[in-house]
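For reference, the structure is listed below as structure tokens.
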Amino acid sequence: MMTVSRTPLRVSFFGGGTDYPEYFARARGAVLGMAINQYVYVAALRLTNILDYRYRISYSKMEQVAALDAIEHPVVRETLRDHGYTAPLDISIMADLPARSGLGSSSSFTVGFVNLLFELQGRRATKMDLAREAVRVERDLLGENVGVQDQHHAAFGGLNRFDFEGGRTRISPVQMTAPCQEALTGSLFLVYTGVTRFASATLDEQMAKTKSGASDKDLSHLLALVDQSHSVLEGQDPARLLTEFGAMLHEGWETKKRLSSKVSNPQIDALYDRARAAGALGGKLCGAGAGGFLLMLVPPERQAGFRAGLGETSIIPIGLDTMGATILRG
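UniProt numbering numbers the first residue of the sequence shown as 1 and each following residue consecutively.
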């Protein structure tokens, strides 16, 4: 029988950069964002021992190998090794949106693959277990320079605030009224820049500034926006929420660009300016920067003009995922 995991991608609204242990080990870190209704799927089928290969892995390339050490996909290879799973497998990896586009797909995949292995091994895991194990895989096993918010958004789903203080993580679901939540989720769009990139390639300068304390003022401001936006989202007036939240997104984007010279470029800045001129109240580039998707907030009455103003640019409306990491059954 085939086992399938489904894990949401995410958009981060505020606080990105404060979710790195290099920062919150010495200061409070917090992020606010939401899991979206776009997903990474991982399917696994147990194989018999009579085939001339032991692992078949399908993603942007095809691997068919006889030994664990020959697997090129680092997350698959090291997670199988670390969990001691030795049965032969056929693994297929699929996603609704392209990888390396700022939506946390790498961490979403890691959470989903860990969830899949727990299921195959008959082990129980909470959402927090999945998030922490994915962080361990990425940071400790693979030595990747990643923050810890993406794994938590992917595991838990929903619209949440996560606070990071030392070794402790606290989750606070944002308490919104139905009209306010509908106004927000009905006004969020992804605008594709046409550029994919490896997040790690854009982070060297940002992490150097974080470790030295040179970005502390900007990171503190992003942290303050987490507190302010949390309060705005839990208000009662949908129209006011959109106006204030859009302005905060713009303010946060201007701050984020100061974290590294590699966050944006003239092409991205021009597309962002076009989106605002077409009716968006504010937005930001998703993820570490340098490419992927812009997230733009556009109230319903401005959406027709927004689409017309961006012409042939790919625009994707997004909604809220509330389930988080899930094993799909029958």
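Every residue, glycine too, gets a C-beta built ideally from N, C-alpha and C. The model shown is predicted, which means the values in this text are computed figures rather than measured ones.
DSSP three-state assignment for residue i, whether helix, strand or coil
i	result
Ser-58	strand
Asp-163	strand
Glu-301	helix
Thr-3	strand
Leu-68	helix
Ser-264	coil
Pro-317	strand
Arg-46	strand
Leu-271	helix
Gly-186	coil
Gly-29	strand
Leu-294	strand
residue 342	Absent from the structure is residue 342, since the part of the chain shown begins at 1 and ends at 330.
Gly-146	The amino acid occupying residue 146 in the given sequence is Val; Gly does not appear at that position. It is coil, neither helix nor strand.
Tyr-85	coil
residue 335	Given that the chain is displayed from residue 1 to residue 330, the structure contains no residue 335 and the question cannot be resolved.
Asp-52	coil
Chain-order list of residues whose beta-carbon lies under 8 angstroms from that of residue i (same chain, five-residue window excluded)
i	result
Gly-305	Ala-278 and Gly-279
Pro-74	Leu-142
Glu-165	Phe-24, Arg-28 and Gly-29
Ile-71	Tyr-55, Ile-57, Glu-63, Val-65, Arg-77 and Leu-80
Burial state of residue i, where buried means 16 or more other Cβ atoms lie within 10 Å
i	result
Asn-49	exposed
residue 332	Since the displayed the chain opens at 1 and closes at 330, residue 332 lies outside it and no answer follows.
Ser-106	buried
Ser-231	exposed
Gln-38	buried
Thr-126	exposed
Gly-252	buried
Leu-51	exposed
Thr-7	buried
Ala-275	buried
Ser-212	exposed
Leu-97	buried
Glu-22	exposed
Ala-44	buried
Glu-254	exposed
Asp-269	exposed
Gly-287	buried
residue 350	Only positions 1 to 330 of the chain appear in the structure, and residue 350 is not among them; the question remains open.
Gln-267	exposed
Arg-161	buried
Ser-60	exposed
Sub-8 angstroms separation of residue i and residue j beta-carbons
i	j	result
Pro-300	Ser-187	yes
Phe-109	Val-195	no
Val-146	Glu-138	yes
Gly-157	Ala-30	no
Lys-209	Ser-260	yes
Lys-256	Gly-102	no
Leu-159	Phe-14	no
Phe-113	Val-76	yes
Leu-297	Gly-235	no
Tyr-192	Ser-58	no
Ser-229	Leu-32	yes
Val-40	Arg-54	no
Thr-3	Ile-327	yes
Arg-10	Gly-292	no
Leu-249	Leu-241	no
Phe-189	Ile-91	no
Gly-104	Asp-69	no
Leu-285	Ser-264	yes
Beta-bridge partners of residue i, as assigned by DSSP
i	result
Ala-35	Arg-10
Glu-63	Ile-57
Lys-256	DSSP, once it has assigned bridges, lists no residue as partnering Lys-256.
Pro-173	Asn-160
Thr-326	Arg-6
Val-40	Thr-7 and Ala-95
Asp-19	Bridge partners of Asp-19: none, in fact.
Val-191	Leu-294 and Ile-315
Contacting residues, own chain, Cβ-Cβ under 7 angstroms from residue i (five flanking each side not counted)
i	result
Tyr-272	Gly-283 and Leu-294
Asp-82	Leu-141
Thr-79	Phe-113, Val-114, Leu-117 and Val-137
Ala-87	Arg-46
Ala-183	Pro-238, Leu-241 and Leu-242
Thr-177	Gln-236
Asp-19	Gly-29, Val-31, Gly-147, Val-148, Gln-149 and Phe-164
Thr-185	Gly-319 and Leu-320
Cutoff 8 angstroms: residue i Cβ touching any chain B Cβ
i	result
Leu-188	Going by chain labels, chain B is absent from the structure shown, which holds only one protein chain.
Contacts around residue i, its chain only, beta-carbon distance under 6 angstroms, and the 5 residues preceding and following it disregarded
i	result
Ala-155	Val-111, Lys-127, Leu-130, Ala-131, Gly-324 and Ala-325
residue 340	This structure gives no information on residue 340, because the portion of the chain shown stretches from 1 to 330.
Gly-309	Ala-278
Gln-206	Leu-259 and Ser-260
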